[in-house]
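Below: the structure, in structure tokens.
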Amino acid sequence: MAEYHLIADRAGERADAFLARSIEGLTRSAAQRLLEEGAAVCGGKTWKKNSKTVPGDEVTVTVPDPQPVDVVPQNIPLDVVYEDGDVIVINKPVGMVVHPAPGHPDGTLVNALLYHCGDSLSGINGQLRPGIVHRIDRDTSGLIIAAKNDRAHLALAEQLQDHSLARVYEAVAVGNLRADSGTVDAPIGRHPVDRKKMAVDPKNGRAAVTHWSVLARYPGYTHVECRLETGRTHQIRVHLASLGHPLLGDVVYGSKKPYPGLAGQCLHARKLKFVHPTTGKLVELECPLPDWFQAVLNKIDR
14 MAEYHLIADR AGERADAFLA RSIEGLTRSA AQRLLEEGAA VCGGKTWKKN SKTVPGDEVT
74 VTVPDPQPVD VVPQNIPLDV VYEDGDVIVI NKPVGMVVHP APGHPDGTLV NALLYHCGDS
134 LSGINGQLRP GIVHRIDRDT SGLIIAAKND RAHLALAEQL QDHSLARVYE AVAVGNLRAD
194 SGTVDAPIGR HPVDRKKMAV DPKNGRAAVT HWSVLARYPG YTHVECRLET GRTHQIRVHL
254 ASLGHPLLGD VVYGSKKPYP GLAGQCLHAR KLKFVHPTTG KLVELECPLP DWFQAVLNKI
314 DR
């Protein structure tokens, strides 16, 4: 664990930008995580990520030691939906973690991609997340895109920022959503008590927008389509729960009792649309609902 003592030299600079600029090797996203975890203190108070610097401010930052993880290629079967020299799109199964992390050192999508793609993965996100442009939860299935080179990665990341990389999910929500469609525009940040969870946080959260529409109604449940305008951690799960309609099987934001036949939340990334980083052509991909999702629909259609 390393402790840094920094002195602000600019006025009005965002806290995450200041930390990323001041600590060698610290990315902006890593700085945001440190701030969310309360690792930075200024004037005896925990520094928030939306704090702004004042020249002369003394900031103490505690950076935990990186956990050594040996990321090795593993021959894990992949359901490849699309692939060329720039990008690869995978239909990820439920239960597969996207990248190595504490508790999940291997068996991840990254391990599988390293075997499948060899050295052809972008290096922008470092050793633990080569090629990974965006993530989906372990117990969420469906389409996820990875970049094979840095140029493609930067182009796709820009599309994530301007919302032209479109991601559409299908989910089953508990209860009956009264309207046929709607939008949740509610910032999301770390839960103030349980740091493993996210929560709607109007004061300190990051902007998050989810558009939803009803696909079908069942007794006690609603089959919905969700289109992400932003991509915050657990966004759909948090937003639907904030409406009083958590996802079926979500033991984190809904009932603590698992739903029989589900490994977790009933959520599937069904559609993906992006502009190809080389050809400039629109690529639209779709994968069908998996058998487990269809089985849930059959079960609640009683």
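One gets the numbering used here by counting positions in the sequence shown from 1 and adding 13 to each. Backbone N, C-alpha and C fix where the C-beta goes; we use that ideal spot for every residue, glycine too. Source: prediction; values computed, not measured.
If you draw a straight line from the alpha carbon of G267 to that of G98, how long is it in whole angstroms?
-> One-based indexing of the sequence shown puts residue 267 at position 254. One-based indexing of the sequence shown puts residue 98 at position 85. One Cα belongs to G267, the other to G98, and the distance between them is close to 41 angstroms.
Count the other CB atoms, across all protein chains shown, that sit within 10 Å of the CB of E183; report buried if there are 16 or more and exposed otherwise.
-> Residue 183 sits at position 170 when you count from the first residue of the sequence shown. Counting the other CB atoms within 10 Å of its CB gives E183 a total of 16 or more, which places it among the buried residues.
Per DSSP, cross-strand counterpart(s) of V100 | Sequence index remark: in the sequence shown, residue 100 carries index 87 (1-based). Beta-bridge partners of V100 (DSSP): A160.
Tell me which same chain residues have a C-beta within less than 6 angstroms of the C-beta of A24, skipping the five on either side of it?
-> Walking along the sequence shown from the start, residue 24 turns up at place 11. So the list reads P68, once near-sequence residues are dropped.
Anticipated Cβ contact below 8 angstroms, L156 with C300, distance rounded | As a first step, residue 156 is located in the sequence shown; it is residue number 143 there, counting from the start. As a first step, residue 300 is located in the sequence shown; it is residue number 287 there, counting from the start. Contact holds; Cβ gap of about 6 angstroms.
With DSSP collapsed to three states, give me the class of C55.
-> Taking the first residue of the sequence shown as 1, we reach residue 55 at position 42. Secondary structure at C55: strand, using DSSP grouped into helix, strand and coil.
With C-beta atoms as the reference, is I89 less than 8 angstroms away from N124?
-> Locating residue 89 in the sequence shown gives position 76, where the first residue counts as 1. Locating residue 124 in the sequence shown gives position 111, where the first residue counts as 1. A contact, by the Cβ cut-off of 8 angstroms.
Rank Q87, T223, L134, K105 by C-alpha distance to the C-alpha of D152 and give the top, closest one.
-> The residue given as residue 152 occupies position 139 in the sequence shown. Put simply, of Q87, T223, L134, K105 the residue whose alpha carbon is nearest the alpha carbon of D152 is K105.
Could you give the residue range of the alpha helix (DSSP H) that holds E49?
-> The count along the sequence shown starts at 1 and reaches residue 49 at position 36. 41–49 is the span of the alpha helix (DSSP H), which, as asked, contains E49.
Where V197 and H224 are concerned, what is the direct C-alpha to C-alpha distance, given to the nearest angstrom?
-> As a first step, residue 197 is located in the sequence shown; it is residue number 184 there, counting from the start. As a first step, residue 224 is located in the sequence shown; it is residue number 211 there, counting from the start. Going by the C-alpha atoms only, they are around 6 angstroms apart.
Give a yes or no on whether the C-beta atoms belonging to T235 and A221 are separated by under 8 angstroms.
-> The residue you call residue 235 lines up with position 222 of the sequence shown. The residue you call residue 221 lines up with position 208 of the sequence shown. No. Outside cutoff.
Exposed or buried, what is R245 when buried is set at 16 or more other beta-carbons lying within 10 Å of its beta-carbon?
-> Here residue 245 is taken as the residue at index 232 of the sequence shown, counted from 1. Burial call: buried.
Boundaries (first-last residue) of the beta strand (DSSP E) holding V296 = Mapped onto the sequence shown, residue 296 falls at position 283. That run of the beta strand (DSSP E) goes 295–299.
Kindly confirm or deny that the stretch 169–183 and the stretch 250–261 touch, where touching means at least three C-beta pairs closer than 8 angstroms.
-> Segments in contact, no.
With DSSP run on the structure shown, which of helix, strand or coil describes I149?
-> For this step, residue 149 is matched to residue 136 along the sequence shown. Secondary structure of I149 (DSSP, three-state): coil.
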